[in-house]
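J.: Pasting a structure below so you can have a look.
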Amino acid sequence: MERVQYSLERTLPQLRVLDEHGILTKDELRSLTSQRQSFEARLIRRKADKNDFVRYLDFEDDLHALIMLRARERNRLVMERIKSGDEDAKSQLLPRSFFPKQAAHSSAHCVAIFERMVLKFRWDLDAWERYIAWAKKRKMRVVAGRVYARALAMHPMQPSLWLSAADYELNTHADTSAARALLQRAIRTNKLSETEDGRSKAQRTSRGASHLGAYRWRLTSYERDVLRLWVEYFRMELVFMERLRRRWRVIAGDDADEEAAAADQAVASDVPEADTPESEPHAPTEAQDHIRQGAIPLVVLDSIRTTVPGSLHLFVYVALLQLLSSFPFSDSLVVKQHGDIASLRTTHGVQGQGDAIRDKLMRGVLSACDLDTLSCLFPLYHALPSTEALPASQADEELDTHAILHGASQLHGTYSSAIDPLYTYAQVPEELRETGIVAGANDPWTACQPVILLLEVLRQRFVQDEHATPYLRMLTKKGDLPAVVQRTVSQFREHPAESLPFLTTLCALSTRFGLHEPHLLAYLSRIEAQLTQSLDMPWIALVTASDRAQELVESQRMNPCAWLAYAHAAKWDERTWNDALHACMAPQPDAPVWGLLVAWQSNKRLAYVSPSIARTDLWRMYLEWVPTSTQNPFPLYKRAVQKTGAVLASSQLVGTARAHAQALHDDVVHQVVEQTLPDEQVLSMALSISSASTSCWLAIADHCAQSASLAADRVYQRAVDQAEREGHVADATQTWLAYLAYLAQNDMRKALTQLGHASTRMRTMGGAEAVVALEQQWQAMT
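In UniProt numbering, the protein residues as written are 1 to 782.
See the structure below:
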């Protein structure tokens, strides 16, 4: 308790002043002391809780606000009395030193609490961040700087903390040199090294990350933070460059007006030159000129190319294009998030200087990136309008307030609109994941992910909430859109290896980018047809010209996708079905990635380009055809179950192929049983000869229970046996719980009996832990 008493005694001078001036009453002072004593007692416990410190600090902040409020209100009332002629009231005014002294007392007490908190929880980043935020709120520059230094020394591998410190120096103190030094130290400390197999050190220690092709898409949170660090460092250099450009514009007085320049030229011969022209106060140095033309960001680009692992380059370079597009260079046209347009072109001066710098830096990004698709799409991304300037009302206001630049100069430590959305865009589209086309880490769809990323970024630029963005409306209004599309087509044609990304881009332009000009759409359709014909790829032909089904079946009799296209165009008999189903059972590679990509972009049926989905659709159509073709469908149902189940017996079937075969067999068994309930003969056949998975039997059992079929008990038992045969303890637990829940609704005594059997069998599978988990979940259910 000595520590508590010492802390309370340190607050006595403050309490004495509050008592003398009557800011707090005697009772309030006693209550204040009692509450502080309670808080202090909590802080000295052996196992201190950080929340106790936080509550204590909140209490002190509220107390300080209350004291300041009462003191100001008292002075206001006294001043009103003085104005009304009461001269004696002057003695009741609080001295000028009262307010700074109270602020100093409160700050010193809070600093002592914070110091104790960060001492006890030195490894808790949140404790340091609270300390820093409080110091910023109180505008304690020295304290904030020292706490930042100590926090960075304790947590050097936290890029968000480095960014917060650099943002504090850049925007609060306007100290670019300090911000640059902090970010350079952060980059040297937080490096991403890549091994020969393409995985970084951080990723090799992460179970959730994997290497997928030339680029990696599943990044750890640390890797994302380091990439954000590079992007925000690039932003800081852009801010420094733009501040210098605007400062020089003010100093130079903007002599670029044509009339002023002409007058200056006319009298130039009458004015003698100075003896020492180097001493002109407004002449920019060569170094300043290089900086204002973007020399430093280009050096940063070179560092990114040599420092950041190559498998992560795409994220960084696309983020830099996003950042450059939305950065408010003076005398430029800014395309911000969601395609919003901001014109910062002035009515005087050399038009488009900011646009020229932006174009120079963007081309520097493209030259650093080795992805041809990104270069080909650049005309769509950075389509400058005609030379005619837009209204300059925003520009004059911005050069006075710098409001847009101030917003763009904030360094983002936890989320940046330039790079963080890219991780979402790079994910496989939800419709492809739901239909089962994507099948694990080795799925060929991963080769399409660079194009998915780039086209999704473009789509966000063209379309927002199913409507054209201001950027697209601007291109349409000024008539630049056809020229932009033609430049994109020309860029792709200069790269023959990019033919398939070109086709995908054409499909995206036609269907996903909100283009409505008939002549432009006709032009895209003609180019698409020519390209499809020149590629001579039957998979893409299935997507873009499915009416050629007869021709495709004749040329590709072992192709399930061709048979599915034919099934939608012709009336079938049993012989045709036999040929088609024979093709379904033949080994097939997975869908070519570009066929999938074109199908997704053009909104065509994905089953036409995915053998696994095509097989499933064919079997579903066949099972729907069976009852209409014969009065005794049982042999055909049995053959369907046997034929799809026999594929699973192959020892060569592993990985993704086996998963597809199991899914097909499950779908066939489920559809056969569902179509024939309550036919006991078909259900008995399925139970005896099929190799359906646990999930399939659970789905069938649930359907039987809903239809009040007496066979539900048998199916649940089969699901339990299958789960135990597969050997997954978690799946077996959930299967037993589903079975017990079904029994509990009908016969609780039988459910309790089966619970005993379940405990015995789960003990055999997973030991005592499995039994405890089963019983706990059962108790939660009941």
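Heads up, the beta-carbon is just placed ideally off N, CA and C, and yes, glycines get one too.
Give the straight-line distance between the Cα atoms of LEU581 and HIS495, rounded to the nearest whole angstrom.
T.: Going by the C-alpha atoms only, they are around 41 Å apart.
J.: Report the three-state DSSP secondary structure of ALA468 (helix, strand or coil).
T.: The answer is strand: DSSP assigns ALA468 an E or B state.
J.: Comparing C-alpha positions only, which one of LEU455, HIS412, LEU244 and LEU77 sits nearest to residue 791?
T.: Residue 791 lies beyond the range of the chain shown here (1 to 782); nothing can be said about it.
J.: Along the chain, where does the alpha helix (DSSP H) that runs through VAL143 open and close?
T.: 141-154 is the span of the alpha helix (DSSP H), which, as asked, contains VAL143.
J.: Within 10 Å of its beta-carbon, does GLU237 have 16 or more other beta-carbons around it, so buried, or fewer, so exposed?
T.: Answer is buried; the Cβ neighbour count reaches 16.
J.: Under the three-state reduction of DSSP, which class applies to ALA342: helix, strand or coil?
T.: Of the three classes helix, strand and coil, the one that applies to ALA342 here is strand, per DSSP.
J.: From which residue to which residue does the beta strand (DSSP E) around LEU333 run?
T.: Per DSSP, LEU333 belongs to the beta strand (DSSP E) from 333-335.
J.: Hey, would you say ASN171 sits closer than 9 Å to LEU411, going by beta carbons?
T.: Their beta carbons are under 9 Å apart, which means ASN171 touches LEU411 by this criterion.
J.: Measure the C-alpha to C-alpha separation of GLN464 and SER602 and round it to an integer number of angstroms.
T.: If I take the Cα positions, the gap works out to 19 Å.
J.: Among GLN394, ALA730, GLN734 and SER684, which has the Cα closest to the Cα of ARG714?
T.: Of the candidates GLN394, ALA730, GLN734 and SER684, the one whose C-alpha sits nearest the C-alpha of ARG714 is SER684.
J.: Mind checking who VAL463 pairs with in its DSSP beta bridge?
T.: According to DSSP, VAL463 bridges with ALA468.
J.: When the Cα atoms are used, what is the spatial distance from LEU312 to ARG228?
T.: So the two alpha carbons sit approximately 12 Å from each other.
J.: Quick check on the burial criterion: 16 or more other C-beta atoms within 10 angstroms. Buried or exposed for VAL239?
T.: So VAL239 counts as buried.
J.: Rank MET68, SER693 and LEU8 by C-alpha distance to the C-alpha of ARG36 and give the top, closest one.
T.: The candidate whose alpha carbon is nearest that of ARG36 is LEU8.
J.: Can you tell me whether LYS201 is helix, strand or coil according to DSSP?
T.: Note that LYS201 scores a pLDDT of 48, beneath 50, so its modelled location is shaky; the value from the coordinates is reported in the next line. DSSP places LYS201 in helix when its eight states are reduced to three.
J.: Applying the 10 Å Cβ sphere with the 16-neighbour rule, what's the burial state of HIS519?
T.: By the neighbour-count rule (16 or more Cβ atoms within 10 Å), HIS519 is not buried but exposed.
J.: Please report the distance separating the alpha-carbon of ASP88 from that of GLN102.
T.: Taking the straight line from one Cα to the other gives about 25 Å.
J.: Return the CA-CA distance between THR576 and ASP721, expressed in angstroms with no decimal places.
T.: Whole-angstrom Cα-Cα distance: 38 Å.
J.: Using the Cα positions of THR505 and GLN491, report the straight-line distance between them to the nearest angstrom.
T.: Rounded to the nearest angstrom, the two C-alpha atoms are 12 Å apart.
J.: Can the beta-carbon of PHE378 be found closer than 9 Å to that of GLU242?
T.: No, these two residues do not count as a Cβ contact at 9 Å.
J.: Pop quiz: GLN293 and ILE357 are said to be a contact at Cβ under 8 Å. What is the actual Cβ separation, rounded to whole angstroms?
T.: Contact flag correct, Cβ pair sits at about 7 Å.
J.: Along the chain, which unbroken stretches of the alpha helix (DSSP H) at least 4 residues long are found entirely within the segment 544-607?
T.: You should have 549-555, 560-567, 574-585 and 593-602.
J.: Which residues in the same chain have their Cβ closer than 8 Å to the Cβ of LEU475, if we skip the five residues on either side of it in sequence?
T.: Hits under 8 Å: ALA383, PRO385, LEU481 and VAL484.
J.: Here's the rule I'm using: 16 or more other beta-carbon atoms within 10 Å means buried, otherwise exposed. How should residue 818 be labelled?
T.: Nothing about residue 818 can be read from this structure; the chain reaches only from 1 to 782.
J.: Distance, Cα to Cα, SER417 vs HIS406?
T.: Computed Cα separation, rounded: 16 Å.
J.: So for MET762, helix, strand or coil by DSSP?
T.: Reduced to three states, the DSSP call for MET762 is helix.
J.: Please tell me whether ASP225 and GLN158 are closer than 9 Å, where the distance is taken between their beta carbons.
T.: Result yes, Cβ atoms of ASP225 and GLN158 sit closer than 9 Å.
J.: Would you mind reading off the limits of the alpha helix (DSSP H) that contains THR694?
T.: Counting along the chain, the alpha helix (DSSP H) containing THR694 begins and ends at 694-706.
J.: Please check the pair GLY352 and LEU298, which I expect to be a contact at CB under 8 Å, by giving their CB distance rounded to whole angstroms.
T.: Rounded, the Cβ-Cβ distance is 20 Å, inconsistent with contact.
J.: Quick one: is ILE44 buried, meaning 16 or more other Cβ sit within 10 Å of its Cβ, or exposed?
T.: Classification for ILE44: exposed.
J.: Using alpha carbons as the reference points, say which of ALA149, PHE98 and ALA65 lies closest to LYS137.
T.: Comparing Cα-Cα distances from LYS137 to each of ALA149, PHE98 and ALA65, the minimum goes to ALA65.
J.: Just how far apart, CA to CA, sit GLY479 and ARG473?
T.: About 10 Å.
J.: Measure the alpha-carbon distance for CYS369 versus ASN578 and round it to whole angstroms.
T.: When rounded, the distance between both Cα atoms is 52 Å.
J.: Quick one: measure Cβ to Cβ for ALA565 and ALA549, integer angstroms, because I've assumed they're closer than 8 Å.
T.: Contact holds; Cβ gap of about 4 Å.
J.: In this structure, how does DSSP classify ALA418 when only helix, strand and coil are distinguished?
T.: Looking at ALA418 - three-state DSSP - the assignment turns out to be coil, as it is neither helix nor strand.
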